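Student: Take this structure, written in structure tokens, and hold onto it; I'll ask about it next.
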Amino acid sequence: KAGVTQTPRYLIKTRGQQVTLSCSPISGHRSVSWYQQTPGQGLQFLFEYFSETQRNKGNFPGRFSGRQFSNSRSEMNVSTLELGDSALYLCASSLGPGLAEGVQYFGPGTRLTVL
Amino acid sequence: EDQVTQSPEALRLQEGESSSLNCSYTVSGLRGLFWYRQDPGKGPEFLFTLYSAGEEKEKERLKATLTKKESFLHITAPKPEDSATYLCAVQALNNAGNMLTFGGGTRLMVKP
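Protein sequence lines correspond, in order, to chains S and C.
No gaps in the numbering here: position 68 of the first sequence is 111 in this note's numbering, and each next residue is one more.
No gaps in the numbering here: position 87 of the second sequence is 1585 in this note's numbering, and each next residue is one more.
So, in structure tokens, the structure goes:
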């Protein structure tokens, strides 16, 4: 079974630009979560989607947004990029929101560098 | 607010030297505690889920245990390939979804 895939793997942008990252969950998984990982803050939760609806949102500014499609694939968008947005963006998928379905499996991440 | 603290931040072991990693947590109600392994440049790899105090799980040289306030990841006779960052995370009962709150991780280095 294929794992979580994320594209692109690496991205370089300049301040003020916007970026869109894509995530394809494990086949059959309906829940997708996004995390930001930086050396200083560690892994921080961005948002979670289930059945195309946002279920949870972390403490990030409105420049960070996401969506989920009917095939469970998800995208996240960051507008007006800042230097501090440089990070590894990780997508994780799980079967669903239930207790037994809650194990999250992570993709390899997208390394975003903002210059 | 849910909090997870891992110690030590870094740990150097000789091959075969057993040790334990600690994860202390504060959560309004624990739904599950998760251990992940992360290699440089890769996403976290799922290891274990623990749901209630007293629960234990094992996988090869790793054993995870859970109490009401902390979890331990015991590494028995580690090998160099066990070198990685080990992450602990919690899911809270009052959380409608699967959101994880992570600790800062323990960077383990095993020397041959």
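All residues carry an ideal CB built from backbone N, CA and C; glycine is no exception.
Given the structure is predicted, the values throughout are model-derived calculations rather than measurements.
Taking 8 Å as the threshold (C-beta atoms), are L138 (chain S) and G152 (chain S) in contact?
Tutor: no
Student: Check this for me: beta carbons of K1561 (chain C) and E1568 (chain C), under 8 Å apart or not?
Tutor: no
Student: Verify the CB distance criterion: does P68 (chain S) have a CB-CB separation below 8 Å to chain C?
Tutor: no
Student: Measuring only the C-alpha atoms, how far is R98 (chain S) from L1548 (chain C)?
Tutor: 23 Å
Student: Compute the Euclidean distance between the alpha carbons of R1529 (chain C) and T1565 (chain C), then round it to the nearest angstrom.
Tutor: 13 Å
Student: Report yes or no: do three or more beta-carbon pairs, one from the stretch 51–68 of chain S and one from the stretch 115–125 of chain S, lie closer than 8 Å?
Tutor: yes
Student: Would you list, in chain order, the members of the stretch 80–108 of chain S that have their beta-carbon closer than 8 Å to a beta-carbon of chain C?
Tutor: G85, L86, Q87, F88, E91, F93, R98, N99, G101
Student: Do F1570 (chain C) and V1502 (chain C) have their C-beta atoms closer together than 8 Å?
Tutor: no
Student: Pair every Cβ in the stretch 1577–1586 of chain C with every Cβ in the stretch 1512–1522 of chain C, then say whether three or more of these pairs are closer than 8 Å.
Tutor: Short answer: they touch.
Student: My guess is that Q80 (chain S) and L86 (chain S) are in contact by the Cβ rule of under 8 Å, so how many angstroms apart are they, rounded?
Tutor: That belief holds up - the Cβ atoms of Q80 (chain S) and L86 (chain S) are roughly 5 Å apart, short of 8 Å.
Student: Chain S beta carbons: is any one of them nearer than 8 Å to that of T1604 (chain C)?
Tutor: In terms of beta-carbon proximity, T1604 (chain C) stays away from the interface with chain S, with every pair separated by 8 Å or more.
Student: Kindly list the residues whose CB is nearer than 7 Å to the CB of H72 (chain S), restricted to its own chain and excluding five residues on each side of it in sequence; keep chain order.
Tutor: S115, S136, S137, L138
Student: Between E91 (chain S) and H1572 (chain C), what straight-line distance do the alpha-carbon atoms span, to the nearest angstrom?
Tutor: Whole-angstrom Cα-Cα distance: 31 Å.
Student: Which bits of chain S does N1596 (chain C) rub up against, with CB to CB less than 7 Å?
Tutor: S74, S76, E91, S137, P140, G145, Q147
Student: Find the residues of chain C that neighbour L133 (chain S), judging by a C-beta separation of less than 8 Å, and give them in chain order.
Tutor: Those within 8 Å of L133 (chain S) in chain C are G1541, P1542.
Student: Could you give the first and the last residue of the continuous beta strand (DSSP E) run that contains L155 (chain S)?
Tutor: 153–157
Student: By the DSSP assignment, the beta strand (DSSP E) with T1524 (chain C) in it spans what residues?
Tutor: 1517–1524
Student: Closest to G150 (chain S) by C-alpha separation, out of C:S1518, C:Y1584, C:V1525, C:Q1536, would be which residue?
Tutor: C:Q1536
Student: Does the Cβ-Cβ distance between G1541 (chain C) and S74 (chain S) come in under 8 Å?
Tutor: It is not a contact, given that the beta carbons lie outside the stated cut-off.
Student: Under DSSP, the beta strand (DSSP E) around G1539 (chain C) begins and ends at which residues?
Tutor: G1539 (chain C) -> no beta strand (DSSP E), and no H or E assigned at all.
Student: If I follow the unbroken beta strand (DSSP E) through G109 (chain S), where does it start and stop?
Tutor: 107–111
Student: Is T1547 (chain C) close to chain S? Criterion is C-beta to C-beta, closer than 8 Å.
Tutor: Yes, contact with chain S.
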